[in-house]
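Chains as they are written, first to last, in our numbering: chain A, 17 to 306; chain B, 17 to 306. Working notes for the structure below.
Right, here's the structure in full:
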């Protein structure tokens, strides 16, 4: 797995460099909001979404350092960060820690956390527009709105403390987590200019690893230590949130995750050796629990 | 003034028709968020921003019913609504009423108000992308981010209960209110394809009426009845917010508003008769206090 770790490190570096370049400096007035935006964006995420964009882009013949790909990964990390800041708010999941650091509304104020999230969202679209590619804006906006991430978040919140069917849990995970991950893969493919057939297979790959990612997150929420996770263990259970282990059991959850990764591997067989990094990225998602 | 009232009604009708067409139906799952988005978007705004887009577009030779102009006005109203929903939140201005109706977090929940605002913002950019015009996305995103509306909102909140200079108040108003209004005028001009010289004059017009709009709002906050205003009179003062009347006095505030409108009229003299509606729109902003 050292190859994938090297790749993730390489992507993290270029993601941070691009974010450094496109995010407003902390010294620009009003400083507080720019500090919050950078505090949350540089909070130590693994940059898995940028890795999926760039790995797909390269697998489909794109160049690693392509400027439009770099703008896209910066925008996607800003949008992902925006969603985390708002998710953590007292009126939402009410989390005090994220990746071992105080959440934005704890480190700053609640008002600034709302506005900082808003600003990251707005400015991400400004950065995406610099690519000149409205198809990318469509792709990403659709994955985030009420046919994607927001829909998943709404149903997640409205289901708290209620009995939840596996079907509803799948809906939540598919929208809240998988939609943006699928969009990352599709953006990498669109930037490289792939055929409709290849795009369909890569979309299926994105679906599978996106759902696997959230199933693994559910498993980690039960099994890890607080230190490993950077947030309170079992916090989903305490909030009355349904998870895969709570509905189908731990063993079946691990089997589902494994099956999803196997499906993802099948989807990218057509890439041959060029799909090596995408193959390893799928495995990396699972190894977080092995 | 009946001519301008007819124009505003005509724009309100076409704005509502376009919003009806682009906003997700209330019957789409998850229904709650779609209900909130429509509740707040159709809360009875005067559609002044769409009027500025369409009037500028027409004054510069564009066609009233141009599809890209319609998509733009719908997106702008969604973005304006997103900003109002988040402004009204308990951690922000903590307002219970807006245009005489309970605010979104009062009529629904705080979590849904955060997410509904987010969704309106995200989906507005999706709708803008349908125009294929990345320059419009740039224009609008810049007017809303931390070089525009959000910056004004941050300084507004951080200045509450503190002595505020006229310079700071101008910064707040210029960013929180004037930036988007200026962007509306510029978008109308960009859609019609004007010269750089005309764009500069129209930008100045947008600046002047944008600032006048907020000065008039400050005056109305002091002078109107609660019924006329749809929110509590003097609520800015109670919150310890600086206003033009609180800093320069009521008479001077009215003079400033009048001078700004006179400046706006000068800026659009080059349009001749074609600028009649823009001329009347500027006057309409002032007549709200006369």
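For every residue, glycine included, the Cβ atom is placed at its ideal position computed from N, Cα and C.
Taking just the CA atoms, how far does residue 186 (chain B) sit from residue 203 (chain A)? Approximately 41 Å between the Cα atoms of the pair.
Rounded separation between residue 35 (chain B) and residue 126 (chain A) - CA only: Spanning the two alpha carbons is a distance of roughly 31 Å.
Pull up the DSSP beta-bridge partners for residue 118 (chain B), would you. Bridge partners of residue 118 (chain B): B:113.
Taking Cβ-Cβ distances shorter than 8 Å, what residues in chain C pair up with residue 102 (chain B)? Here the protein chains are A and B, and chain C is not one of them.
Name the residue from B:285, B:269 and B:224 whose alpha carbon lies nearest to the alpha carbon of residue 239 (chain B). Considering only alpha carbons, the answer is B:269.
Cβ of residue 170 (chain B) within 7 Å of any chain A Cβ: Nearest CB-CB separation between residue 170 (chain B) and chain A: below the 7 Å threshold.
Using 7 Å as the limit for Cβ to Cβ distance, is residue 157 (chain A) near chain B? When Cβ-Cβ separations below 7 Å define contact, residue 157 (chain A) makes contact with chain B.
Chain A residues whose Cβ lies nearer than 8 Å to that of residue 162 (chain B): Per Cβ cutoff of 8 Å: 40, 44, 46, 49, 50, 53, 135 and 139.
Run down chain A in chain order and give the residues with a C-beta less than 8 Å from the C-beta of residue 126 (chain B). Under the 8 Å cutoff, chain A gives 107.
Minimum C-alpha distance to residue 135 (chain B) - residue among A:160, A:255, A:282 and A:129: Among A:160, A:255, A:282 and A:129, the Cα nearest to that of residue 135 (chain B) is on A:160.
Using DSSP with H/G/I as helix, E/B as strand and the rest coil, what is residue 108 (chain B)? The answer is coil: DSSP assigns residue 108 (chain B) none of H, G, I, E or B.
I'd like the span of the alpha helix (DSSP H) that includes residue 57 (chain A), first residue to last. Where residue 57 (chain A) is concerned, the enclosing alpha helix (DSSP H) stretches over 47–57.
Let me know if residue 209 (chain A) comes out buried or exposed under the rule of 16 or more other beta-carbons within 10 Å of its beta-carbon. Note on residue 209 (chain A): under 16 other CB atoms within 10 angstroms of its CB, so exposed under the neighbour-count rule.
Neighbour flag for residue 180 (chain A) against chain B, beta carbons, 7 Å: Output row for residue 180 (chain A): interface = no.
From what residue to what residue does the alpha helix (DSSP H) around residue 238 (chain B) run? Taken as a continuous stretch (DSSP letters only), the alpha helix (DSSP H) holding residue 238 (chain B) covers 212–239.
Buried/exposed call for residue 143 (chain A), threshold 16 Cβ in 10 Å: The residue is buried, with at least 16 neighbouring Cβ atoms inside 10 Å.
Label residue 78 (chain A) either buried or exposed according to how many other C-beta atoms from any shown protein chain fall within 10 Å of its C-beta, with 16 as the threshold for buried. Counting C-beta atoms within 10 angstroms of its own C-beta, residue 78 (chain A) has 16 or more neighbours from the protein chains shown and is therefore classed as buried.
My understanding is that residue 301 (chain B) touches residue 232 (chain B), with C-beta atoms under 8 Å, so please give their C-beta distance in whole angstroms. Yes, they are in contact, since the Cβ atoms of residue 301 (chain B) and residue 232 (chain B) sit about 6 Å apart, within 8 Å.
Listing by chain order, which chain A residues have their CB less than 9 Å from the CB of residue 153 (chain B)? Ordered by position in chain A, the residues that pass the 9 Å Cβ test against residue 153 (chain B) are 141, 142, 144, 145, 150 and 153.
How many angstroms separate the CA atom of residue 271 (chain A) from the CA atom of residue 192 (chain A)? The straight-line gap from Cα to Cα measures roughly 21 Å.
Tell whether a beta-carbon distance below 7 Å holds between residue 148 (chain B) and residue 194 (chain B). It is not a contact, given that the beta carbons lie outside the stated cut-off.
Take residue 39 (chain B) and list the residues in its own chain whose beta-carbon comes closer than 7 Å to its own, dropping the five residues that flank it on each side. Counting only Cβ-Cβ distances below 7 Å, and skipping sequence neighbours, we find 53, 54 and 57.
Is residue 254 (chain A) helix, strand or coil by DSSP? Helix, per DSSP.
Would residue 167 (chain A) pass as an interface residue toward chain B - the criterion being a Cβ-Cβ separation below 7 Å? Closer than 7 Å to some Cβ of chain B, the Cβ of residue 167 (chain A) qualifies, so yes.
From residue 168 (chain A) to residue 130 (chain B), what distance separates their C-alpha atoms? Computed Cα separation, rounded: 14 Å.
Assign residue 298 (chain B) to one of two classes, buried (16 or more other C-beta atoms within 10 Å of its C-beta) or exposed (fewer than that). Around the C-beta of residue 298 (chain B), 16 or more other C-beta atoms lie within 10 Å, and the residue is accordingly described as buried.
Looking at chain A, is there any beta carbon in it that lies within less than 7 Å of the beta carbon of residue 92 (chain B)? Chain A, which has no Cβ nearer than 7 Å to the Cβ of residue 92 (chain B), makes this no.
Residue 293 (chain A), enclosing alpha helix (DSSP H) - first and last residue: Looking at the DSSP string, the run of the alpha helix (DSSP H) that includes residue 293 (chain A) is 292–303.
Residue 138 (chain A) lies in the alpha helix (DSSP H); which residues open and close that run? 126–145 is the extent of the alpha helix (DSSP H) around residue 138 (chain A).
Within a Cβ cutoff of 7 Å, which residues of the same chain sit near residue 108 (chain B), ignoring the five residues on either side of it in sequence? If we look at residue 108 (chain B) and ignore the five residues flanking it on each side, its Cβ neighbours are 102 and 173.
Give a yes or no on whether the C-beta atoms belonging to residue 221 (chain A) and residue 280 (chain A) are separated by under 7 Å. In this structure, residue 280 (chain A) lies closer than 7 Å to residue 221 (chain A) by Cβ.
Closer than 7 Å to chain A by CB, residue 89 (chain B): Output row for residue 89 (chain B): interface = no.
CA-CA distance, residue 120 (chain A) and residue 211 (chain B)? Between residue 120 (chain A) and residue 211 (chain B), the C-alpha separation is close to 44 Å.
Under 7 Å, do residue 155 (chain B) and residue 90 (chain B) count as touching if we go by C-beta distance? Not closer than 7 Å, so no.
Does any residue of chain B have a CB that is nearer than 7 Å to the CB of residue 235 (chain A)? By this cut-off, residue 235 (chain A) is not an interface position.
Whose C-beta lies closer than 6 Å to the C-beta of residue 44 (chain A) among residues of the same chain, with five residues either side of it excluded? Here the set comprises 50.
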